[in-house]
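Residue numbers (our numbering), protein chains in the order written: chain A, -2 to 313; chain B, 10 to 444. For every residue, glycine included, the Cβ atom is placed at its ideal position computed from N, Cα and C.
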């Protein structure tokens, strides 16, 4: 056989050699096996989660049982950090604020998002452009939009108070960020504004999966607009609304940027959330152990939400 | 075959090859050894907060950085953080993670002194060369027998006010004491020009008048021993009562929730007639609003029964212990603080950072704008946060969890003096380990 003929030998002729080394092994088939393929797909995100979520979480749990100052050795203190937090009125104020903030914001976003989705589901001119514009609050970086809100809520120059004065509803507008109640209202408004598109677009996608035939049948049966919404649209949307609300509760509960930029948790801690307080303790004043304990205190709530979500998904 | 014999002293071919190889290796390694004996880092990274005076940052970036690179071949990497507290968190993160940053000016080094290098040689040399350091700043930088930082300057905090509006209200001289300050404020508020005294979750503009107010009434938060908590006193109660009265009678409602940038914005949009601030208001007004710039003035804090006080907002330079080349970083810090460099740097910022070095007390730079004089004078009565207690980590924790600012703001929002002091005491006891 000439050298050329040797080179030109088809690959299939070389394969028997390999087969003789590992009889019966076909990499293609091995990868195709469901158990192997699924682990291959799972491994990269799993490694990512372990590195960037698992490790910090475990380290946070570890720190919460230690007194650990910046650049210093840790001393085991058992449950003392948690006991300190238990006796700390600011922590309880922050916990209460977080619950109020989360419940009010998520309720407003859910109702508003549903309304937004129903409107967006209609046919009107410039529908696509309007849908795109409605996403803006979600797209603009939070810090940027919050700085804009600082101006909007300014007592003298802000849009809100100017509108109140110009329309004759008030001679001077209220102090949106100076009054503790209004400061809480303000952060709820800004969070709702930012989170509405997430609800609106998600619910809209759910709306578009409802078959028209169901509406037509209900109409033939004599159902009006409200009855069709009540008995057709809403029940079919509930799974989407549930999932979106659950995610929103998680995001809102852990919100940090908005409050950090808008009020810093003031006045007099009236807008301090658990996330901003944990940050103030750990990164602001270098009490890593106490700050970790404060951050960890949020986990049981998150756990409850996740359990509810898991049950709901399994039920379906 | 007879083997050739080799006489003593002769070199075989094999030996020659060995010698030649060793020689070549030595020749090749020579320059490498020499290079490494004089190795220097390719770059040094400095992290600091951006300055409200942009000319100050520009001077560093456009003049000092290229000059140092030209002189030494070492590139300076300037990691700049937004003003308003972010740099403190970043400095802590660097200390924890040993991120590749060599030196910083953190404002709150008391939180992580353990991660800093001893810079006594530089601090002592700079002090000796330039008139000596102000005493109060030594309580921050000189810790347990070593200098852990080299002081730079104080972001002076005094009263910025609208002279034209004070004149209109019949107050032709800035109030000398807190009572006069309140009376003037009532008149100004009646004319639609309230004060805006920050009490929210900021870092400087709240503490810069609330702490001097406490001190001037004879109150102190923690005693000099750093153990005894003294806040619960009649003097503190009088200061809290005064703040409440001032807020209700003379201030804009919003100021109780203000962070550091808010009073600048309110002053420059003519919503308030007076606030406690650094020179950034005057500088911005002169630059961007010339008419307002002409009628904006600066004055020392009013005095109380126990005297006049100011709060220092000190800036220092620290070197992280994890810097790979301590000597190179120290050389850079020495170079920055040498009179030739540092005097031009101070001047570039219009003395926004009032030098802690006595050599600059009578610097002609202060005469370029007479309204800046109070910032220099404030150094004489300036105290570190939580004075007279040691400027340690616990003092930082008190400030960074806003225990003092919240005590005043809660009182202004309606809580009783007794309640707000009791709340603050709880926080202090937790931090000072007496809970």
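Would you decide whether residue i is buried or exposed? Buried here means 16 or more other CB atoms lie within 10 Å of its CB.
i	result
residue 39 of chain B	For residue 39 of chain B, the predicted model reports a pLDDT of 45, less than 50, meaning its position is unreliable; a value from the coordinates is still stated below. Burial call: exposed.
residue 122 of chain A	exposed
residue 130 of chain B	exposed
residue 308 of chain A	exposed
residue 301 of chain B	buried
residue 157 of chain B	buried
residue 114 of chain B	buried
residue 42 of chain B	Per-residue confidence for residue 42 of chain B stands at a pLDDT of 42, beneath the threshold of 50, marking its modelled position as unreliable; no derived number is given.
residue 59 of chain A	exposed
residue 72 of chain A	exposed
residue 150 of chain B	buried
residue 307 of chain B	buried
residue 314 of chain B	exposed
residue 143 of chain A	buried
residue 42 of chain A	exposed
residue 52 of chain A	exposed
residue 205 of chain B	buried
residue 293 of chain A	buried
residue 136 of chain A	exposed
residue 52 of chain B	exposed
Answer yes or no: does any C-beta atom of chain A fall closer than 7 Å to that of residue i?
i	result
residue 121 of chain B	yes
residue 409 of chain B	yes
residue 390 of chain B	no
residue 378 of chain B	no
residue 210 of chain B	yes
residue 266 of chain B	yes
residue 340 of chain B	no
residue 448 of chain B	No answer is possible for residue 448 of chain B: it lies beyond the span of chain B, which begins at 10 and ends at 444.
residue 439 of chain B	yes
residue 405 of chain B	yes
residue 70 of chain B	no
residue 38 of chain B	Below a pLDDT of 50, predicted positions are generally treated as unreliable, and residue 38 of chain B, at 46, falls in that range; the measurement from the model is reported next regardless. With 7 Å as the cut-off, residue 38 of chain B does not count as an interface residue toward chain A.
residue 374 of chain B	no
residue 278 of chain B	yes
For residue i and chain B, any beta-carbon pair shorter than 7 Å?
i	result
residue 154 of chain A	yes
residue 280 of chain A	yes
residue 172 of chain A	yes
residue 93 of chain A	no
residue 57 of chain A	no
residue 81 of chain A	yes
residue 69 of chain A	yes
residue 180 of chain A	yes
residue 277 of chain A	yes
residue 283 of chain A	yes
residue 165 of chain A	no
residue 219 of chain A	no
residue 286 of chain A	no
residue 175 of chain A	yes
residue 293 of chain A	no
From the beta carbon of residue i, is the nearest beta carbon of chain C less than 7 Å away?
i	result
residue 264 of chain A	Absent here is chain C; the protein component of the structure consists of chains A and B.
Sufficient close CB pairs (3 or more, under 8 Å) joining the segment 222 to 242 of chain A to the segment 239 to 257 of chain B: Because the criterion of three Cβ pairs below 8 Å is not met, the segment 222 to 242 of chain A and the segment 239 to 257 of chain B do not touch.
Short-range partners of chain A found in the segment 411 to 428 of chain B, where Cβ spacing is below 7 Å: Residues of the segment 411 to 428 of chain B whose Cβ lies closer than 7 Å to any Cβ of chain A, in chain order: 415, 418, 419 and 422.
Members of the segment 92 to 113 of chain B near chain A, C-beta cut-off 8 Å: Within the segment 92 to 113 of chain B, those residues whose Cβ lies closer than 8 Å to any Cβ of chain A are, in chain order, 94, 97, 98, 101, 102, 104 and 105.
Ranges of the beta strand (DSSP E) found wholly within the segment 354 to 441 of chain B, counting only runs of at least 3: Counting only runs of at least 3 residues, the segment 354 to 441 of chain B fully encloses the following beta strand (DSSP E) elements, listed from N- to C-terminal order: 362 to 364.
Chain B contacts made by the segment 240 to 265 of chain A, where a contact means CB separation under 8 Å: Listed in sequence order: 260, 261, 262, 263, 264 and 265.
Any 3 or more C-beta pairs closer than 8 Å across the segment 319 to 326 of chain B and the segment 209 to 223 of chain B: Segments in contact, yes.
Under 8 Å (Cβ pairs) to chain A, residues found in the segment 230 to 257 of chain B: Within the segment 230 to 257 of chain B, no residue places its CB atom closer than 8 Å to a CB of chain A.
Chain B contacts made by the segment 185 to 213 of chain A, where a contact means CB separation under 8 Å: From the segment 185 to 213 of chain A, no residue has a Cβ closer than 8 Å to chain B.
Uninterrupted alpha helix (DSSP H) stretches inside the segment 101 to 152 of chain A (no shorter than 4 residues): DSSP assignment within the segment 101 to 152 of chain A yields the following whole alpha helix (DSSP H) runs of 4 residues or more, N-terminal first: 124 to 131, 133 to 136 and 139 to 149.
At least three beta-carbon pairs within less than 8 Å, the segment 174 to 183 of chain B to the segment 250 to 267 of chain B: Contact between the segment 174 to 183 of chain B and the segment 250 to 267 of chain B is absent: fewer than 3 CB-CB pairs across the two stretches fall below 8 Å.
Residues of the segment 95 to 126 of chain A with Cβ closer than 9 Å to any Cβ of chain B, in chain order: Within the segment 95 to 126 of chain A, contact with chain B at the beta-carbon level (separation under 9 Å) is assigned to no residue.
Sufficient close CB pairs (3 or more, under 8 Å) joining the segment 227 to 239 of chain B to the segment 274 to 287 of chain B: The segment 227 to 239 of chain B is not in contact with the segment 274 to 287 of chain B.
Inter-stretch contact (C-beta, 8 Å, three-pair minimum) for the segment 400 to 420 of chain B and the segment 327 to 347 of chain B: No: the two stretches stay apart, fewer than three of their Cβ pairs being nearer than 8 Å.
contact_flag[the segment 72 to 92 of chain B, the segment 31 to 42 of chain A] where n(CB pairs < 8 Å) is 3 or more: Output reads no: the segment 31 to 42 of chain A does not touch the segment 72 to 92 of chain B.
Complete alpha helix (DSSP H) runs within the segment 203 to 264 of chain A (minimum length 4 residues, chain order): Whole alpha helix (DSSP H) segments, 4+ residues: 209 to 217, 222 to 225, 231 to 250 and 254 to 259.
Residue ranges of each alpha helix (DSSP H) within the segment 42 to 77 of chain B, 4 or longer: Complete alpha helix (DSSP H) runs here, min 4: 63 to 68.
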